[in-house]
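In the numbering used here, the protein residues as written are 106 to 338. All C-beta atoms, glycine included, are put in the ideal place defined by N, C-alpha and C. On a predicted model such as this, the values are computed, not experimentally measured, just so you know. Okay, structure first, notes after.
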């Protein structure tokens, strides 16, 4: 066993062939995981934040969720992953609710697991519970008339290699969603069809593309919006 007098010393770290035995604050789970609403009001999503792991061998974080709702009883599911350097994640599947006739009181649990690229192992599970009110996205279609404006966003951003583009439509109509490179060349058309009013999402897979900035443009009726996203490899 190697005695680590300074775990941040590159020489000490180089002597360790495995993260087993390293103190928890080097090899353990990401610290200070917390959940909070992305905004005020009933439309807020669930924002997870945590501290960057000090171990430089951690290359990414996986986000896991346990939910116990009528539609997902005792479901344990990986809901996403982000690269090192990103210390937040938004769960769009549920809405952070403060009560009301349509809300569902339940407990949702989250865990962020650090992935050690050298060993191909993960940090131990350490879920946090968020005992508040949530409203499932699958039920949000019933509330489509409440959507007053068009909107579009993607997460994660930066990303590697996939990101999810989510958009809201206050009314039904024909929608196109295309991705372009910085030279204005079309990379891919993700959506080209009629869509109902409500919330929608599509995954953009950039595994065959080079790192850089890409532009996605959504058109729905008279609404047009473009946003940047960054692919990092």
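Residue range of the unbroken beta strand (DSSP E) whose run includes residue i
i, result
"residue 165", "163-172"
"residue 218", "213-221"
"residue 268", "267-274"
"residue 291", "291-300"
"residue 151", "150-154"
"residue 278", "278-285"
C-beta contact flag for residue i and residue j at 8 Å
i, j, result
"residue 231", "residue 134", "yes"
"residue 201", "residue 150", "yes"
"residue 272", "residue 293", "no"
"residue 269", "residue 259", "yes"
"residue 213", "residue 194", "no"
"residue 264", "residue 284", "no"
Coarse secondary structure for residue i, derived from DSSP in three states
i, result
"residue 319", "strand"
"residue 233", "strand"
"residue 138", "coil"
"residue 101", "Residue 101 lies beyond the stretch modelled for the chain, which goes from 106 to 338, so this question has no answer here."
"residue 53", "With the chain represented from 106 up to 338, any question about residue 53 goes unanswered, as that position is not in the structure."
"residue 310", "strand"
"residue 304", "strand"
"residue 262", "coil"
"residue 184", "strand"
"residue 351", "Any question about residue 351 goes unanswered here, given that the chain covers just 106 to 338."
"residue 288", "coil"
Buried or exposed (CB count within 10 angstroms, at least 16 for buried), residue i
i, result
"residue 254", "exposed"
"residue 191", "buried"
"residue 316", "exposed"
"residue 170", "buried"
"residue 186", "buried"
"residue 334", "buried"
"residue 160", "buried"
"residue 235", "buried"
"residue 229", "exposed"
7 Å CB neighbourhood of residue i in its chain, flanking five on each side removed
i, result
"residue 275", "252, 253, 254, 255, 302"
"residue 289", "none"
"residue 158", "135, 219"
"residue 307", "270, 282, 295, 296"
"residue 222", "162, 164"
Neighbour flag for residue i against chain D, beta carbons, 8 Å
i, result
"residue 331", "Judged by its chain identifiers, the structure shown contains no chain D, having just a single protein chain."
Own chain partners of residue i with C-beta closer than 6 Å, once the 5 adjacent residues on each side are dropped
i, result
"residue 311", "266, 336"
"residue 152", "141, 143, 195"
"residue 324", "281"
"residue 188", "165, 265"
Own chain residues within Cβ distance below 8 Å of residue i, not counting five before or after
i, result
"residue 299", "277, 278, 279, 280"
"residue 167", "183, 185, 186, 217, 218, 220, 227"
"residue 233", "138, 139, 140, 214, 215, 216"
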